[in-house]
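Contents: one structure, followed by commentary.
Chains as they are written, first to last, in this note's numbering: chain A, 1 to 194; chain B, 1001 to 1255.
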């Protein structure tokens, strides 16, 4: 069974993501560095809230190095919402705060000309993989990622908001797959198992 | 503008450990285990669940926490919880049970500063305001404590006040239409149309046929529809509502 460690920053609903991961593999919570179990296959970084607060908590809980090490070994990392944003180099939301830099590019505020900001609700996501049908997923965010390499974007809302980003062993969801019904759970499961 | 999908939101009113439904908030009938209803609505394609503890202020909250915990074990869509929430500690306990957002009515009318406190800690998207209105004379008043107390504020006064705050969503419940199955109160709908509301809005009360729902969505910019009686008593199903609305090109999440 796939062993999944879920980082708990203590700032959001962790129960649903833990429940979702438990339908896919054997999930447990990581509250600090020493909680990490040997032979963890996948680490999930969920989160909602502010970019600098997220980075501060990763450092305070001594989890940042753990993530860097896990990524360096080419083990799988999954970021959800703020988690994905923390994978980038920096964010407009927190000038001067450096991100984890697993994906080249920045986090930008969503333009309110195109969307009701913050996004809060269900939007259609189109995928570059033809095998995945367009479906609606649940979003809850005011910022979005802008990877430098376009080809890393595997799913988006209207070709404007990157929604599903894959860079080798690093996977990111801008929406909440754990709150997006059966097809959300399926995409999360496929990403963890792939 | 890329619009988000209009949501179909089952409303589960809870008293002690039972799902209940009344008519105009009175004559409450026990309908069964709320966890079973929640699972059914999730499987049927609901976009969100709203859970309201109608006697929260009178009894212990442990029942509610237990129910929310059991629901979020099985349901993978946003779950919003309200009823007697008065403190940040109440909210933190609900978060632990897997709630995604809170719904506030009475405490907002009594102490509007509470809203700022919630938004500062959890963000605006976390906060839904419920307005429960009853027509008295020719005015629509905002009621508190599940319709038992009048705040003496009218809906238009209260909406103007709320516009100054950063709020994720407003649900407007018509107490007079609740459980009546006769469509949403048209006079109230007129008032809401004329009134600027700068956050998403959800309507609740009396919507019991697919036609009621379609007429509302065709003619107004509503972001969600809250349903109770019609779903609890199996008069319509979420799947049928969605199939029909999609055939009419309403921007709704497919099942």
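Don't be surprised by glycine CBs; every beta carbon is placed ideally from N, CA and C. Predicted model, so just to flag it, every value in this text is computed and none were measured.
Could you confirm whether any beta carbon from chain A is found closer than 8 Å to the beta carbon of residue 1157 of chain B? no
Per the contact definition of three or more C-beta pairs closer than 8 Å, is the segment 1036-1048 of chain B in contact with the segment 1074-1081 of chain B? yes
Per DSSP, residue 157 of chain A forms a beta bridge with which residues? A:161
When you check each C-beta in the segment 1091-1115 of chain B against every C-beta of chain A, which residues fall closer than 8 Å? 1095, 1096, 1097, 1098, 1099, 1100
Per DSSP, the bridge partner or partners of residue 1142 of chain B: B:1133
Please check if any C-beta of chain A sits within less than 8 Å of the C-beta of residue 1078 of chain B. yes
Starting from residue 115 of chain A and walking both ways along the alpha helix (DSSP H), at which residues does that stretch end? That residue, residue 115 of chain A, is in no alpha helix (DSSP H); it is neither H nor E in DSSP.
Please check the pair residue 86 of chain A and residue 96 of chain A, which I expect to be a contact at CB under 8 Å, by giving their CB distance rounded to whole angstroms. That belief does not hold up - the Cβ atoms of residue 86 of chain A and residue 96 of chain A are roughly 15 Å apart, past 8 Å.
Measuring alpha carbon to alpha carbon, tell me which of B:1199, B:1229, B:1214 ends up nearest residue 1247 of chain B. B:1214
Quick one: what's got a C-beta closer than 6 Å to residue 93 of chain A's C-beta in the same chain, skipping five residues either side? 51, 143
Name the one or two DSSP bridge partners that residue 141 of chain A has. A:119
Under a CB-based cut-off of 8 Å, is residue 93 of chain A close to chain B? no
Of the choices A:10, A:69, A:39, A:134, whose alpha-carbon is the least far from that of residue 53 of chain A? A:10
Within a Cβ cutoff of 6 Å, which residues of the same chain sit near residue 64 of chain A, ignoring the five residues on either side of it in sequence? 58
Beta-ladder partner(s) of residue 166 of chain A, from DSSP: A:171
Could you name the residues of the same chain whose beta carbon sits closer than 8 Å to that of residue 110 of chain A, not counting the 5 residues immediately before and after it, in chain order? 117, 118, 119, 141, 142, 143, 144, 161
With burial defined as no fewer than 16 other Cβ atoms inside 10 Å of the residue's Cβ, what is the status of residue 168 of chain A: buried or exposed? exposed
Could you tell me which residues DSSP pairs with residue 1154 of chain B in its beta bridges? B:1141
Given that a residue counts as buried once 16 or more other Cβ atoms are within 10 Å of its Cβ, and exposed if not, what is residue 1101 of chain B? buried
Interface residues of chain A facing residue 1253 of chain B [CB-CB closer than 7 Å]: 122, 136
With DSSP as the reference, label residue 1251 of chain B as helix, strand or coil. coil
Considering only residues of the segment 1056-1087 of chain B, which uninterrupted beta strand (DSSP E) runs meet the minimum length of 3 residues and lie entirely inside it, listed in chain order? 1079-1082
Taking C-alpha atoms, which residue in B:1108, B:1030, B:1073 lies nearest to residue 1082 of chain B? B:1108
How many angstroms separate the CA atom of residue 1207 of chain B from the CA atom of residue 1200 of chain B? 19 Å
Give, in chain order, every residue of the segment 1122-1156 of chain B whose Cβ lies closer than 8 Å to some Cβ of chain A. 1123, 1124, 1125
So which residues on chain B does residue 82 of chain A lean against when the C-beta distance must stay under 8 Å? Ordered by position in chain B, no residue passes the 8 Å Cβ test against residue 82 of chain A, which lies about 11 Å from the chain.
Which residues in the same chain have their Cβ closer than 6 Å to the Cβ of residue 61 of chain A, if we skip the five residues on either side of it in sequence? 32
Buried versus exposed call for residue 266 of chain A [16 or more other C-beta atoms within 10 Å across all chains shown]: The structure shown does not extend to residue 266 of chain A, since chain A spans only 1 to 194, so no value can be given for it.
In angstroms with no decimal places, state the Cα-to-Cα distance between residue 147 of chain A and residue 175 of chain A. 16 Å
Which residues mark the beginning and the end of the alpha helix (DSSP H) in which residue 72 of chain A is found? 64-72
Please tell me whether residue 1005 of chain B has its Cβ less than 8 Å away from any Cβ of chain A. yes
How big is the Cα-Cα spacing for residue 1175 of chain B and residue 163 of chain A? 40 Å
Against residue 162 of chain A, what residues of chain B qualify as contacts under a CB-to-CB distance less than 8 Å, listed in chain order? Simply none; closest approach about 14 Å.
So which of A:15, A:181, A:183, A:158 has the shortest CA-CA distance to residue 1072 of chain B? A:15
Within chain A, partners of residue 1047 of chain B - CB distance below 9 Å: 121, 122, 136, 138, 181
Taking only the alpha-carbon atoms, compute the straight-line gap between residue 1097 of chain B and residue 1158 of chain B and give it to the nearest angstrom. 31 Å
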